[in-house]
Each structure stands twice: as structure tokens, then as C-alpha cells.
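Please read the structure below before turning to the comments.
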Amino acid sequence: MKSLFKKEKNFFFMIPALVWQVLFFILPLIFVFQLAFFTKLFQNFTWDYIQQVCHFSHFIVIFRSLKLASVTAVLCLLIGYPIAYFLALCTDQRYKSLLLFLITLPFLTNILVQIYAWYFILEKKGVLNKFLSLFLSDTGNWLNTSFAMYLVMFHIYLPFMIMPLYTILEKMNVRLIEASLDLGASYLQTFFRAVLPLSLQGIKTGFFLVYVTTFGEYVVPSLLGGQKHFFVGTLISEYFFIGRDWHVGAAFTCLSIAVFVVSIMCYSEILQRLVYRLQRI
Amino acid sequence: MKGIVLQGLTKSYGSDVILNNLNLKIPGGKFFALLGPSGCGKTTILRMIAGLENPDSGSIFLGDQDITHVPVNKRSVNTVFQSYALFPHLNVFENIAYSLRLKALSEDLIAQKVEKVVRMFHLEPLVYKRVTQLSGGQQQRVAIARAVINEPSVLLFDEPLAALDLRFREKVLLELIELQDHLGTTFVYITHDQTEALTVADQMAIMNQHGKIDQVGTPQEIYEHPKSVFVANFVGTTNIIQGYLTQQDNQWYLDVDKMICIAIKVPEDFDTIQTGDEACLGIRPEKIQVSKKILEGFSNSLTGVVQAIVYQGRFTQYSIRLQNGYVLQVFEQNEQHFEKDKIDYDDHVYVYWQKENAMLLKK
Amino acid sequence: MLYTSKLSKSFWFIFVGLVYVFLYAPITVLILYSFNQGGFPDIWRGFSLHWYDDLFESVAIWRAFKHSIIVALTSSFLSVGMGLLWVHGARKYKREITAIFYSNAMVFDIVLAVGLLALFSALAVPFGLTTIIAGHTLLGLGFTIPVIKSRYDELDESLIEASLDLGASTQYTFLNVVIPFLYPAMFSAFLLAMIVSFDDFLIVFFCSGASIQTLSLYIFSMIRSGISPIVNALSTLLLFGSLCMILIMLMFQKNILRK
């Protein structure tokens, strides 16, 4: 049977988006990538730039970001999973959509607005200190501390973790929980042996999502982390935006991505093993 | 072996009253079937026995023990779910061993028990397969094995044949009967299919769509002596004839439209009746004989015209229109032991039955 | 059934309640203080809208808003348009081919932003509204394509076949059969792209050049320079705007589904 829409005609439809994608996504990435290895556009291959960034100070920055990303992701997982579980399995149909909506709303809020909101609370003369001054005499400076940074990161990225977990828990076959209870397991045992292993995919997705975005985060460390230390995002920005040292910046980007990819593979394995081990509870 | 007693169970969802003051005794060590139309509340009852739902009021007893407030995981009751509910991330062995692992038994002991059960259900070649790779019938056996390994006092089956291919149904029913014989555990089997219930049950109960139990008894009792029109219609086919009761010379009759008078036998446990009462009579189609000749020895005989003939292999179904317009369904087995006059459309025929084979029913 | 033991029910409610409070506390404080008579860091002095007055009188903010709106509208139109064409064209291909757009929204915003910066610089493209629009359209594609695609998957292929069978050309079929069916998804995708554009900071930060100011940049500079409740007022309005768009989106979807 003759194809109703010829494939060639279809292809025309696809061109605009494809062109855009190549031009503004693939090309920039390739460009940055080649900056790390070539002195001129794809000419003159060299390891120089990579060597320059394989320096202790750069690795410190990368690991600092890894730590930030890890702590944020783990916190989001520990708090976010119970929330997702509660939303998916413990709420009445009528409240579910409202509660879900409230979780997704922060997603669609400007990140700067959220940071500004925290500024308001954490500033030396801000709300938190005003509240604490009722009890304590000496109130601290909450901004420009690690505490502020971790707190705000956790606040912003918690919904990112909840959503994929909720999606997977919502689809879960409820009969499996009933079967587990019927066979004699307690609620805790049912969770570790039946629910957790089946939600592993959601855990990985949520963890990955939070981990990726927090690793390369620029805004929060820049505004709340104090200007003392560099993170991956702020250092990349420094190289490209301010310092104009693109080659080294690109090399650093590649190095960061490499370390990141290795770390993600480790985490994936760790999560899998952990879930397996927890079935023994 | 422990039986179950349900006392005064009431359950509503919002404004929907599913069960109202339901009472039922399920004998221990027997295969018990609960039969009823979809949505009548039988699944709710099953889940309450399992502990997956709690009644609004009433009690559930397992043997002598009141288990109404005992949580589901502490009851000696196990369920075989309609969709089997096998754990997809575990293989067959781990699924069956699930409840044993909870008790932290030694690996050897677990392997021993699982092996025994695996042999019982002929699952040897499948032991290390992922449950998602199994066929429907195989999955069901794993589900039953998983429940049985606990040696529960009661085993619950939620419409087990609903998800199976038609051709396997009879085989599975017979296997279940064998299993119950072998284990001696109390089986509670719910279904909407009357053939299933009649096949497997030692004792059965019929529920109507209002969440009430209409009748309890052996399959034979229920089939031969239904007490209500609902039961007579739900289990097998019945001709229902309505009329008024009259009495003459110690014999009760059913007066139908002042045209037909049927001799009836009133069962001993029937409510008190008076002349002029409205009543329903049920006659199973296979209990009626149709013939072109006059036959002796029947307590009831009527005349009619053959309206329809449906040949169904084992038997032929006739629709006979009586003088008052009522159509009687008659089944005749096609045994052809003796030469019979062939009955054709529009033939005038006689229909005969014994009054003992007709059933006086409550509305 | 609540899949949790009876005992822990109350703990659950407290825990979940606390988390929700945590999620919304900062925003609530922010909104409240936009109505404060006094400036920051004064305590509550009374209800007042004068910050909103200041907001509406600020030339800088209006200019930033104008730029933000232009960028948002343009990039949203572009990404919805191109996304629509792609989804229609890609329908006979394997599912995976559309996945190339899914990474737009996720992977390392900073790398993409500096990549665009580097590329534009190297090609000597002047920075300004066009460069921002280019970047936002790209982001938008990552959101509009999945939304339109999921609606497109619901389209019965036989409708297209019926239209062609009755003698319509492929263009006519596309315009009069496919597009009307996709209206709700296109509308949702448009609003989503608008929100994404308003919310973006990184791309604007790196690709705007010296002259262009958008709302995101404005707020950023205010955070750097000091707190003023004008920003509270601005933020409140932004939040309110996003909320309205989301609600419109939801109501639209509900209405269409009813039909």
C-alpha cells in the first residue's frame, strides 16, 4: 500500500526543529568540547589545557560540587520519598490532585524569586533572626554560609525528587502490598521488601535529576555560598564570562563532566546494592 | 480444622451500604463457595476475612478466636488474589519463600519447605524463572503455592478462574478439589459463576445483589430446593409460575390465571400459608417431560403448543406455550434409548412433571 | 486504603504538613512583606500597597518587563510552532528519535549557557534579544515537544486516512484535522514555554550582553545590591502571573477533555 504521507514530505516538517537543535544545542556543546583539546578550531590537538586543569585546586572545586550535589540529593531522597509515598498511596482521591499541584508549583517559580525569598528570611536583619531574637540574645549571620546554601538547594530541588518518585509509586500495583501483608509482613517489612525494590527506577531517576542539576548549579552557590569558594558552576562562569580563558574553561568543563559521570555510575551501583540489602530487614 | 463465623457484619462506603448485618457460618475443613452476582459484596466479605478491610460493625471469628481487630498480617488466613499479585522483582522460588523469609528461618529449612511445595504443584522446571515469564496458569499455581506454604487455617480464593483461558477451567477446578482434599484446610471460594460453585463446593451460600445471603446449603440442596426466586434463577435455569394458593382435600394447588391448576408439594420448613396467598412455583426445565402421547403416573399434566426448538447436542430445548400464554422451557436429553415420536413446530403436546420436583419459592 | 499502619497516621500528617509548610514558608513571607508599610527590615507596620505603586512607577522594571515579555512570547511561538511541525513529521519514525529534545531541559544548564556564549562570541554574533530568544526557544522545545507529542499520540490515525480518502490534500488535512485536535496541547505548551522563559536566569545572564535587562537579571542585581520590598512586589506579581497561567492551562485541559 502506498504510504499516505511520503517520508520525504514528513522530513520537511522535521527540519526547523532539527536545525534549531543542531545550531543551538549540539553546536555549542561541540564547540566547547573542542576548545578543550584544540588551540584553533579543530586544529592543533593538544593535551596542554587538560594538563593545566588536572591540578589539585581544580579537583577541590569539583569535589566540593560533588559534595554539595550528593548531600542535596541524599537529603531530597530521604525527605522526598516519604512524601511521594504518602501522596501516592495514603491520600484520598479528592485531595491528591490538590496536594500534587502544590508540589509542582515551586517547579514553575523563578529560581531567583525563591532565592530572594530565602534572603528575606536568612538575612542578618531578616525574619529568622527576628524570630530567634525572642529566645536568644546572640543571633548569627545565616547568609553566606554552607548552611544557607544546602538549605536553599534542598528547598529548591525537593520537588524534583518527589515527582518521579510519585509517578512510579502511583503506578504501583496495590495488590502487591496487600499480598505482602497477607503473607505476614509488617508495614515496614512490606516497604523494604516489596515497595522499595519496585520503585528503584524512580529513585534512580529522581536522584539523577537532582544530582545533575545541583552539580552544575551556578545561581545558588554564587548568591548564597559566599564568595570565598568556587564551585563547578561558578568556576566555569569565571573562566568564560569574566576571565575569558575559554580553553582552560572548556578543559575544566570536560574534566568536571568526566568525574561527574564516574560518580553517577558509582551512585547507581550503590543505590542498587543498598536497596537489595535493605530487603533483609 | 477451623471454621469461620461472621456475625452482624455491616459495611458501607460513603452512602453506599454494601453489607447490612450479615451472618454466615463457614464450616471448618470444607470447600466452601460463596456465589453471587458481580457487585453484591462477596469480595468485600472475602477481604474482611483476610483483614484487608474492616467492618463498620460486627465480628469475625476464626474457630473460637475473635479476629475482627487482628491485623491482616497476624491472621492465619491467606489469600490467592484474582490477579495473583506475584512479586515481579522476585523469581518463583523467592515468591513462594516470601513468608518464610519473614520469619528468618535457616536457608536449609526454607529450601526444604519450598521444595516440598514446588513438587506439590509441579513447578520444578520453573523454580528460578522470573514470574513475569510464566503463563497465566503457571502464575496461578505459584500464587497458590505461596499461600499454602504458610499452612494457614483458611485459604481464600478471589474468583480464581476469571483470568484463565476457558479450556483450563475444568482442569483447575478439579485440581483445587484435590488440593483441598489433600490439605484439609478450609477453602473459601468466591465466584459469580454457578457452574464453578456447584462443581467445587461441599457447602455453598448464595448472595443476592442487595448484600444479603439468600440460602446456604450443599450444591444439591441449593439446586434441587432453592428457597427463593433469586436462587432458583441464579443457579441453573427455572420456569417461574405465579399464582394463588388453593386447597382441596388436603392437597394444595396453585391456581394460575384461573385456567391452570397445578398440584404442589409444600416443603416442611415453608412459612405458614393460607388459601388465597400469592405464591411462586419453580420447575427446572429438565424435570419436565414433553410428549405427543398421553402418559400415566405424573401428578401434573398440561397441554401446550411447541413454539421453538433449539438443538444443543446433549439435549434439545423446547419452548412450549401453555393455554394461558405462559411459555415453559423444557430440556429433553437426546438419549434416544427408545423410538420416540419426533416433536415438531406447532405440534400440540403434553407436558408432565411430578409435584415433588417443583419448588415453592419465596419472592 | 491507607497503606500505612494506624499508629503512624498522626506522625505522617505532622511530617507531611511540616514539609509543605517548609516548601511554602519563604514565598509566603515574601508575599506578606510586599504589603508591608515599612521597608525591610522593619517589622510589620501595616498594610500598604505603596511598594506596588513604586513598582509601577519604576522605569527600569518596565523596561526589563518589556524585554522579558518580548523574549517569552517570541520564543514560545517559535518553540510551539517548530515543535508542532516536528511532532507531525516524526510520527512515522521510531519513538526514540524525539528523545533528542528531552535533554534540553535537564543536562547541565551552565554548560549550555557558556556554550551559547562561546559560540555567539566566536561567530561574532551581537548579543541582545535575538541571542536570548535563540536560547529560550531551545529550552522551550524541550518542553513543548513532549507535551504536544503526548496529545498527538492520542490522535486516531484513521482520522487522517479518512480525510485523505475523502479527497483532501496533505496540507489541508494537517491544517484542518490535525491542528484543531492539537489545540489544547499547543495552548498548554505555549503557556509552559512562557513560564520557562520567564523563569530562566542562566541563559539570560550569559547571552544578553550589556544592554539588555530582563526581569530575571533585574532581580539578580537587586539581590546583589540589597533588599528592597519593591522586589517583593515584583516577585509577588510574577508568582501570581505564573499561577494564573497554570490555572488557565488546567481549566482549559479539563474543558477540552469534557468535550
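Residue numbers (this note's numbering), protein chains in the order written: chain A, 1 to 281; chain B, 282 to 644; chain C, 645 to 903. Just so you know, even glycine gets a beta-carbon here, dropped at the ideal spot from N, CA and C. If you're wondering where the values come from, they're calculated on a predicted model, not measured in any experiment.
Asked: Are PRO873/C and ASN680/C touching if we call contact CB-CB under 8 Å?; Found: yes
Asked: With 8 Å as the threshold, decide whether the Cβ of TYR116/A is near any Cβ in chain C.; Found: yes
Asked: If you measure between the beta carbons of VAL232/A and GLY243/A, is that distance less than 8 Å?; Found: no
Asked: Taking 8 Å as the cut-off, does the region 622–636 of chain B touch the region 568–584 of chain B (at least 3 CB pairs, one atom from each stretch)?; Found: yes
Asked: Near ARG591/B, which residues of its chain fall below 6 Å by C-beta distance, leaving aside the five closest residues on each side in sequence?; Found: Correcting the residue type first, residue 591/B is Val in the shown sequence and not Arg. Cβ neighbours of VAL591/B beyond the five flanking positions: GLN598.
Asked: Taking only beta-carbon positions, decide if LYS2/A is within less than 8 Å of chain B.; Found: Legend: pLDDT at LYS2/A = 45, less than 50; position of this residue unreliable, value from coordinates given subsequently. Not an interface residue.
Asked: Under a three-way DSSP split, which group does LYS228/A fall into?; Found: coil
Asked: Check each candidate in THR291/B, MET640/B, LEU404/B, PHE612/B and name the one with the smallest Cα separation from SER340/B.; Found: THR291/B
Asked: In whole angstroms, what is the alpha-carbon distance linking SER723/C and LYS793/C?; Found: 13 Å
Asked: Can you pull out the residues from the region 84–102 of chain A whose beta carbon lies closer than 7 Å to at least one beta carbon of chain C?; Found: PHE86, LEU89, CYS90, LEU102
Asked: From which residue to which residue does the alpha helix (DSSP H) around ASP753/C run?; Found: 753–766
Asked: Between which two residues does the beta strand (DSSP E) carrying CYS561/B extend?; Found: 559–564
Asked: Out of PHE207/A, PHE240/A, LEU181/A, point me to the one whose CA is closest to ALA36/A's CA.; Found: PHE240/A
Asked: Straight-line CA distance for ASP538/B to SER582/B?; Found: 16 Å
Asked: How many angstroms separate the CA atom of ILE705/C from the CA atom of ALA877/C?; Found: 11 Å
Asked: Going along chain A in order, which residues have a C-beta closer than 8 Å to the C-beta of LEU667/C?; Found: LEU102, ILE103, PRO106, HIS155, LEU158, PRO159
Asked: When you compare the CB positions of GLN475/B and PHE468/B, do they come within less than 8 Å of one another, or not?; Found: no
Asked: Write down every uninterrupted run of the alpha helix (DSSP H) in the region 776–857 of chain C whose length is 4 residues or greater and which is fully enclosed by it, in chain order.; Found: 801–809, 814–817, 823–843, 846–851
Asked: Can you give me the start and stop residues for the beta strand (DSSP E) that GLY498/B sits inside?; Found: 494–498
Asked: Listed in chain order, which residues of the region 724–749 of chain C have Cβ atoms closer than 7 Å to some Cβ of chain A?; Found: MET726, GLY727, LEU729, TRP730, HIS732, GLY733, ALA734, LYS736, ILE744, PHE745, ASN748
Asked: Between the beta-carbon of LEU264/A and the beta-carbon of PHE252/A, is there less than 8 Å?; Found: It is worth fixing the name first, because residue 264/A is Ile in this sequence and not Leu. The answer is no: Cβ separation not under 8 Å.
Asked: In the DSSP assignment, the beta strand (DSSP E) including GLY524/B goes from what residue to what residue?; Found: 520–529
Asked: Beta-carbon separation of GLY417/B and ASP439/B under 8 Å?; Found: no
Asked: Would you say LEU327/B and ILE471/B are within 8 Å of each other, going by their C-beta atoms?; Found: yes
Asked: Is any beta-carbon of chain A found at less than 8 Å from that of ARG595/B?; Found: no
Asked: Return helix, strand or coil for THR597/B, following the three-state DSSP convention.; Found: strand
Asked: Which residues mark the beginning and the end of the beta strand (DSSP E) in which SER582/B is found?; Found: 581–592
Asked: Kindly identify the DSSP beta-bridge partner or partners of ASN680/C.; Found: PHE691/C
Asked: Which term fits SER841/C, buried or exposed, when burial requires 16 or more other beta carbons within 10 angstroms of its beta carbon?; Found: buried
Asked: By how many angstroms is the C-alpha of ALA444/B removed from the C-alpha of VAL282/A?; Found: The question about residue 282/A has no answer, for chain A in this structure spans 1 to 281.
Asked: If you follow the beta strand (DSSP E) that ASP48/A is part of, which residue opens it and which one closes it?; Found: Segment 48–53 is the alpha helix (DSSP H) holding ASP48/A; no beta strand (DSSP E) there.
Asked: List the residues of chain B that GLN201/A touches, going by C-beta distances under 7 Å, in chain order.; Found: Correct list: empty, because the minimum Cβ distance to chain B is about 11 Å.
Asked: Determine whether the Cβ of ALA251/A lies closer than 8 Å to any Cβ atom of chain C.; Found: no
Asked: Of all the options PHE362/B, THR324/B, HIS506/B, SER600/B, which has the alpha carbon lying nearest to the alpha carbon of ASP550/B?; Found: HIS506/B
Asked: Report the rounded CA-to-CA distance for SER600/B versus LYS171/A, giving the unit in angstroms.; Found: 52 Å
Asked: Output the distance between the C-alpha atoms of PRO308/B and ASP483/B, rounded to the nearest integer angstrom.; Found: 10 Å
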